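Protein chains in written order, with our numbering: chain D, -18 to 244; chain P, -18 to 244; chain E, -18 to 244; chain W, -18 to 244; chain R, -18 to 244. Note that beta-carbon positions come from the ideal geometry of N, C-alpha and C, so glycine has one too. Since the model is a prediction, treat every value here as computed from it, not as a measurement.
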Amino acid sequence: MRSLEGSPIARDGKLLVLAYDHGLEHGPTDFDPVPETMDPETVFDLATHDAVTGFAVQKGVAEAYYPSYEDSVNLVAKLNGTSNLWMGEYDSAVNWSVEYANELGADAIGFTLYGGSNHEVEMAEEFAQAQEAAREHDLPAIMWSYPRGQGVKNDTKDEVIAYAARQALELGADVAKVKYPGSPEAMEWVTESAGPVKVIMSGGSKTSDREFLESVQNVLDAGGDGLAVGRNVWQRENAEAMLDALEALIFEETGVDAALDRM
Amino acid sequence: MRSLEGSPIARDGKLLVLAYDHGLEHGPTDFDPVPETMDPETVFDLATHDAVTGFAVQKGVAEAYYPSYEDSVNLVAKLNGTSNLWMGEYDSAVNWSVEYANELGADAIGFTLYGGSNHEVEMAEEFAQAQEAAREHDLPAIMWSYPRGQGVKNDTKDEVIAYAARQALELGADVAKVKYPGSPEAMEWVTESAGPVKVIMSGGSKTSDREFLESVQNVLDAGGDGLAVGRNVWQRENAEAMLDALEALIFEETGVDAALDRM
Amino acid sequence: MRSLEGSPIARDGKLLVLAYDHGLEHGPTDFDPVPETMDPETVFDLATHDAVTGFAVQKGVAEAYYPSYEDSVNLVAKLNGTSNLWMGEYDSAVNWSVEYANELGADAIGFTLYGGSNHEVEMAEEFAQAQEAAREHDLPAIMWSYPRGQGVKNDTKDEVIAYAARQALELGADVAKVKYPGSPEAMEWVTESAGPVKVIMSGGSKTSDREFLESVQNVLDAGGDGLAVGRNVWQRENAEAMLDALEALIFEETGVDAALDRM
Amino acid sequence: MRSLEGSPIARDGKLLVLAYDHGLEHGPTDFDPVPETMDPETVFDLATHDAVTGFAVQKGVAEAYYPSYEDSVNLVAKLNGTSNLWMGEYDSAVNWSVEYANELGADAIGFTLYGGSNHEVEMAEEFAQAQEAAREHDLPAIMWSYPRGQGVKNDTKDEVIAYAARQALELGADVAKVKYPGSPEAMEWVTESAGPVKVIMSGGSKTSDREFLESVQNVLDAGGDGLAVGRNVWQRENAEAMLDALEALIFEETGVDAALDRM
Amino acid sequence: MRSLEGSPIARDGKLLVLAYDHGLEHGPTDFDPVPETMDPETVFDLATHDAVTGFAVQKGVAEAYYPSYEDSVNLVAKLNGTSNLWMGEYDSAVNWSVEYANELGADAIGFTLYGGSNHEVEMAEEFAQAQEAAREHDLPAIMWSYPRGQGVKNDTKDEVIAYAARQALELGADVAKVKYPGSPEAMEWVTESAGPVKVIMSGGSKTSDREFLESVQNVLDAGGDGLAVGRNVWQRENAEAMLDALEALIFEETGVDAALDRM
């Protein structure tokens, strides 16, 4: 465990991670709804918003753009990832060494673990090495903890998501990024499973502003520590306004109504 | 062989290892019977009991809590482990390097070997490396020696368990954690198979206090050197009292009746 | 991202890479149409043409001939490659270390990635290591980004090619070599997908001089940065003249008619 | 080739290796006929007999007992081995590094190769590394050369055993431990196949004293250099006496009758 | 490319490599026709013949005998090889490191590549490492370039053999050992495919003296650079005389009739 105190990727113990590795994970079609998001600058600009405590990208995007944003954006180096052209059992290539991420100025590392995949053992061992290297550079580790694959029949079941959060604790992550388990009660169980590890909700489907903010509020009420969000922000026309609202909700604890007023 | 003399994980040659890696191996549902055990502090507190000579956890739990307990708990760094979301042939990821475990103050390493699994050869080679690294840091090695997988039809058969104990000796463990083979005679054969390696019984099903203590007494009578226990302690309401009783039984050799009186 | 400014493999941000690894990838039958191209000197001589900003060969060919051409040719060290005797799922052996390529005077590295192959994860990890080693030697990385294999039903579909270009960006290449997606509109989407990564069109089928030059002009009009070409140049009787024309088209921006006049 | 001259594991060019890795390879049931052999001390004591030029054990047994016997026993560090719980194609885990074996005072290394197994290539590469490391420490290498697995229909055929002996020569072993091929003529061919590599017969089935000694005499007559024996010695009631007889037969060349008189 | 000028394994640009790794590749039955060839000394003695520019053996044979022949024989360290007990897809174990071969005084390395095998990618990567290590020690690399396995229906087809020769060039070998493709015209194509890489014919079936010498003359006439020969020399009664004839044919360019007169 590395206390996040003093780390820029959390503020008062809360996180809002903006993720932008969709170009690798899903391909450019993810940018069709808002074509200008194809250009990393558009999203890097969003990431300079005060609400965003960390911005997660792959190595190539960081190399190309982070030098221009290093004063205004906290970099989460997403170390592994794979295209969805891949048809094999869930797996993720390690595309980036911790050493090089540190050289580029990363503030934290991000790493996906597919618990239950036939590659789980291999991925856990890759995570172990990355985590220990991150410790040497005093970089917090965020685990994208997503049970998937042959061993996982239902990845939205509460006990699967609580397990995912617990894996983050047991294996030495500092933050767990997990799916929302469907109810506040289940989410409470998830956050308790993770112990002192920060739990942040992953995305959520794109809904109305109010519905989205309410789901975030549910996470916070259930002991969650924030949000990791991608398309739900940068696929909106009003992305900046949504970040204003999320800032109010997560860091100022205004509640949903007041947050909506910021938009 | 590393003599356990001088090592804190044994007292007068006997061990009581409290294990708490269930969050990784089984998931948070293991904590349902006594919900507060979800919180590692609850079990770390139990581990400060004098009866406990070693406390076995995964890396992330050690990182988060051991700094607060290093004066009162002896750390067994459980180096490998895998979630039960895994549906492949029995295997266990190496989640922790010996070097980092040593830095965190580990007093011993723990390592699972699934003899008979199609991953046995790979796991034995991983153990070999961990064991030699542990020797460099003068850390005893405890093998969770559990035959399982394609090659093992019945993992409670006495000759399978005696084999497991012997593997611990042959491969260079200092302590073998094995299942109880069902009878005192069989257990005697198991402990003899291990030669000078300490043999500790793994868990046992949760029964009445007397039955549990009698099974432990059987182990001791058969030449066993103690107990590794998890749920059978921390899933009890009277966990502290049970540790009192186990201390009497294992270290003071009081017999079952006197041990029960301590509760 | 490594700016290509100052690198000899681009001129004013445009590239013309002549590729000659066909002896490995396809075998000597590729030289049948113009038998003298079997002799690497013939093609090395072509590569001294001013139009050619980089010449891509495998290690053995570089070792044997590059010492005689190091003043007149910019070497792209094609690090991986495999014969087409190989019947397995698409894969490519790493035949050359970056360190040795650098010693031999390489100006850039080239690396194939088969997105969607069952070896994609392994190849991406090999690329990651090569790319980071190339960074240490300040060598740009050109990715031959060719989705192929079990996961790819149609490798000429625009969204597959745009994905390939995006992978180059996300994984840290400086130049993406991709197939032409069939229309200028699609090509525009491809070049946008790659962000600041240079996109060069791979080959194209051998057609009339005008048709070929028009296809190159389409690439340039769509925001492409040049061409990687092999047989379409050295299988022509008038290879030198075609390079004159390509020089006019790509670097002098003369348009197709004026370029044809050069021939 | 390392001349065995000057090495304690041969005497006048002859070897008698006592093997005691059965606890790993076969499990404790191998000790049932003479239960006290379960205790490594019993067999270590036998190994102090003058007749025994080398004693082969796995790492854990060496660690635990060799410090007490290092003046009276020559240690053969059996580097690889696997339990027979393993149901996969024949393979053997590398349980011990040469460096650590050397630290513990090993006089030679032992290594199993299953020629014809689908793991042959992997095992040969592991042997190659161990052999070169052994050369650095001037330790002779004994190959347990046992063709087995998918490629081997009959492992007692003379041409299979001659092949096994030749593999030991070609791959750089100093001593080959092979099965007896059934006749003196065949054995002669086997020893010739091995060239200067010492050939020692492996075990043989437990028969009457005379029959066993006659089989050893056959090996010697056929140019063999001694015996590697396990159960055929330590499963006998008269193990010491049998070692007396073997000493006479192998090192004093007394013939069978005189050797029997020693018993 | 390493010029062979100055290397003892070629004379005036021509090579005659005597190969003697049959004990590993085929087993001792290969020595049945001339039983004394089982003894490596017999063949080492042949290798001292002036005609022989290099003698290819596996590590163990080199260790045992080369110290006695290092002044009279040029050693080709055959780094990989596998027994034919192996029933898996064509593969070859790396039995020898370049560093150790160099220590033993090797003058060149030899390495088998099975193009088209499902292990081709792995073998090419092993070759790449060996080749670069050989460069550091200034040792030429001879590739046994033998397409075989799932991807190769007919390994005597001219285009397969030309491909094999080209692979040697592309991957950085200095000499390619290939099968004779059946006709002088085809052989010419093969040698041209290899560019500056020396091409030597592998073996050929054992025929009459004249037929054998004529096949060698065909190779030379077609631009080949010599011969790698094993059984076709040492399985002959008149091996020395045949080497006399080969010396005349290859190095003195006498033609077949005059060469036959030497016998």
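Sixteen is the threshold: when 16 or more other Cβ atoms of the shown chains lie within 10 Å of the Cβ of D11 of chain D, as they do, the residue is buried. For F36 of chain W, there is no enclosing alpha helix (DSSP H); the enclosing beta strand (DSSP E) covers residues G35 to V38.
Remark: three or more beta-carbon pairs, one from each stretch, lie closer than 8 Å, so the segment 235 to 243 of chain E and the segment 189 to 199 of chain E are flagged as touching. Each residue's CA atom was taken as its position, placing H7 of chain D and A143 of chain W some 58 Å apart. Taking one beta carbon from each stretch, the segment 19 to 35 of chain R and the segment 73 to 87 of chain R have fewer than 3 pairs nearer than 8 Å; the two do not touch.
At least one CB atom of chain P sits nearer than 7 Å to the CB of G132 of chain D. By DSSP's assignment, G86 of chain R forms no beta bridge with any residue. Residues of the same chain with a CB within less than 6 Å of the CB of F25 of chain P, apart from the 5 flanking positions on each side, are Y46 and Y50 in chain order. Three or more pairs of CB atoms, one per stretch, sit closer than 8 Å, so the segment 109 to 117 of chain W contacts the segment 80 to 96 of chain W. Relative to the Cα of A89 of chain P, the nearest Cα in the group P:E103, P:S64 and P:W125 belongs to P:W125. For E17 of chain R, the closest of R:A220, R:V141 and R:A229 by C-alpha to C-alpha distance is R:A220. Straight-line measurement puts the Cα of N213 of chain W at about 15 Å from the Cα of M244 of chain W.
When 8 Å is used as the limit between beta carbons, M124 of chain R is near no residue of chain W, the shortest such separation being about 19 Å. DSSP lists D:K(-5) as the bridge partner or partners of R(-8) of chain D.
In the DSSP annotation of this structure, the continuous segment of the alpha helix (DSSP H) that includes W170 of chain E starts and ends at P165 to S174. In the structure shown, the three-state DSSP call for A0 of chain P is strand.
Around the beta carbon of K40 of chain E, 16 or more other beta carbons sit within 10 angstroms, so the residue counts as buried. Against chain R, the beta carbon of L27 of chain E has no neighbour under 8 Å; the closest one sits roughly 16 Å away. At least one C-beta of chain E is nearer than 7 Å to the C-beta of S64 of chain D.
Less than 7 Å divides the Cβ of D139 of chain R from the Cβ of A167 of chain R. Sequence-ordered contacts of the segment 69 to 83 of chain D with chain P are nonexistent [C-beta pairs closer than 9 Å]. Interface criterion met: the Cβ of Q39 of chain D is under 7 Å from a Cβ in chain E. Close to V102 of chain E, with beta-carbon spacing below 8 Å, are these residues of chain D in chain order: T63, W67, G69, D72, S73 and A74. Judged by pairs of C-beta atoms under 8 Å, the segment 153 to 173 of chain D does not touch the segment 64 to 76 of chain D, as fewer than three such pairs exist. Between M182 of chain P and V200 of chain P, the C-beta gap is smaller than 7 Å, which places the two residues in contact. Across the set R:A203, R:E103, R:T29 and R:L60, the C-alpha of R:L60 shows the shortest separation from the C-alpha of A122 of chain R. Closer than 7 Å to the CB of L120 of chain R there is not a single CB belonging to chain W. Using a CB distance cut-off of 7 Å, E44 of chain W counts as an interface residue toward chain P. The residue from E:M68, E:G97 and E:G211 with its alpha-carbon nearest to that of V133 of chain R is E:M68. At a Cβ-Cβ threshold of 7 Å, L5 of chain R and G62 of chain R count as neighbours. When DSSP states are grouped into helix, strand and coil, M104 of chain E belongs to the helix group. Here the C-alpha atom of A37 of chain R lies approximately 34 Å from the C-alpha atom of A37 of chain W. Proximity to R(-8) of chain E across E:R217, E:K179 and E:D242 peaks at E:K179, based on C-alpha coordinates. Along the segment 170 to 189 of chain W, the positions whose C-beta sits under 8 Å from a C-beta of chain R are W170, E173, S174, G176, P177 and V178, read in chain order. F232 of chain W is bridged by DSSP to nothing; it lacks a bridge partner. Residue pairing from DSSP places T93 of chain E in a beta bridge opposite E:W125.
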